[in-house]
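The sequence shown lines up with residues 53 to 272 when you count with the numbering used here.
Just so it is clear, CB atoms sit at the ideal spot from N, CA and C, and this is done for glycine as well.
Just so we're clear, the structure is a prediction, and the values are computed from it rather than from any experiment.
Taking it in order: structure first as structure tokens, then the write-up.
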Amino acid sequence: MLRAAGVGVGDEVVVPAFGNVEVAEAVTLAGALPVFADIDPVTYCLDASAVEAAVTSRTAAVVVVHRFGRRADLGQLHGTGRRHGLLVLERIESEVPYDEIAQRRQRAAYLDARLRGVRTPDGGDGHTFQQYVVRVPGNGRPDRDAFARAVRARGVECRVPVKTPVHRMPEFRRCVSLPETERAADETLALPVDASLTKRDMQRIASACNALGGLLQPAF
């Protein structure tokens, strides 16, 4: 899409650093330079004000990645694109089958009501919960990685959605301030909300997490 739009050598393309290294790789393959902008801490998608700040005279496009089943604020991002004459491209990580969305939302609501000591996701704007991503605050107490190990030891599968932001990777290393991206990479953990999970499975997930909740700072 970038090549078809004429993006190439000498151009810059604003992209997120929170996951999706293939987006930055695609920009490089087109001959352009990926420029990283920070994310919104609620949606985990590009923040429009951060994109605005990253725009230069060489910026040709913005690649927006919809994250975890939550959509970016396209109204603001397209507004930025119009103001600066930029191409705004969209990418979705993956789609949840339509017949599973209601079940995933039901399981997410169950966890929302029962989890303690972690910050649950904001389910607004049609969230389909492709991933149910919580925040595990550290503040000198057990961190996300320790929490994940303990939850797995209790038989609950969980995963770190973004282990290394793209701007920390050797081939794309940048001296750029992305505080929300850094914080999200350090704190986020995806818990299962698959449609196949039973009520007992959901109870086990909540119990495993809450068994550790007293060791953590209260969610905020």
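Counting along the chain, where does the alpha helix (DSSP H) carrying residue i start and finish?
| i | result |
| --- | --- |
| Y162 | Y150 to R166 |
| A56 | Looking at the DSSP string, A56 is not in any alpha helix (DSSP H), and its letter there is neither H nor E. |
| P86 | Premise fails: P86 lies in the beta strand (DSSP E), L85 to A89, not in any alpha helix (DSSP H). |
| A69 | Taken as a continuous stretch (DSSP letters only), A69 belongs to no alpha helix (DSSP H), as it is neither H nor E. |
| A102 | A100 to A106 |
| V203 | R196 to A205 |
| V73 | V73 to L81 |
| L129 | L126 to H136 |
Leaving out the 5 sequence neighbours to the left and right, which residues in its chain are closer than 6 Å to residue i when beta-carbon positions are compared?
| i | result |
| --- | --- |
| A263 | none |
| E147 | none |
| E239 | R187, V188 and R196 |
| E104 | T132 |
| R55 | A82 |
| F224 | A76 and V218 |
| L232 | Reading off the sequence, residue 232 comes out as Glu, not Leu. D90, I91 and P93. |
| L85 | E64 |
| G58 | none |
| E260 | According to the sequence as given, residue 260 is Ala; it is not Glu. V203, R206 and V208, listed in sequence order. |
| G71 | V214 |
Anyone know if the C-beta pair for residue i and residue j falls short of 8 Å?
| i | j | result |
| --- | --- | --- |
| A106 | V66 | yes |
| A100 | T132 | yes |
| P222 | E234 | no |
| L163 | A69 | no |
| A112 | D63 | yes |
| V214 | A247 | no |
| R157 | V208 | no |
| C210 | L167 | no |
| Q183 | F120 | yes |
| D126 | L98 | Per the sequence presented here, residue 126 reads as Leu, with Asp not at that position. No, the pair does not count as a contact, with Cβ atoms beyond the cut-off. |
Does residue i have its Cβ less than 8 Å from a Cβ in chain B?
| i | result |
| --- | --- |
| E74 | In summary, chain B is missing from the structure at hand, where a single protein chain is found. |
List the endpoints of the continuous beta strand (DSSP E) containing residue i.
| i | result |
| --- | --- |
| L139 | L139 to I144 |
| A247 | Careful: A247 lies outside any beta strand (DSSP E) and carries neither H nor E. |
| V116 | T111 to H118 |
| R187 | Y184 to R187 |
Give me, in chain order, the residues of the same chain whose beta-carbon lies closer than 7 Å to that of residue i; leave out the 5 immediate sequence neighbours on both sides.
| i | result |
| --- | --- |
| T307 | There is no way to answer for residue 307, as the model of the chain reaches only from 53 to 272. |
| V228 | F88 and H219 |
| M53 | L141 |
Since I believe residue j is in contact with residue i (beta carbons under 8 Å), could you give me their beta-carbon distance rounded to a whole number of angstroms?
| i | j | result |
| --- | --- | --- |
| H179 | R122 | 5 Å |
| V245 | R159 | 4 Å |
| F181 | L241 | F181 to L241, Cβ: 14 Å. No contact. |
Identify, in the order they occur along the chain, each residue of the same chain with its Cβ nearer than 8 Å to the Cβ of residue i, setting aside the five sequence neighbours on each side.
| i | result |
| --- | --- |
| V212 | R196, D197, A200, T240, L241 and A242 |
**OP:** Take every Cβ of the segment 138-153, pair it with every Cβ of the segment 193-204, and state whether three or more of those distances are shorter than 8 Å.
**Re:** no
**OP:** Check whether the segment 245-252 touches the segment 109-120, counting contact only when three or more Cβ pairs, one atom from each stretch, lie closer than 8 Å.
**Re:** no
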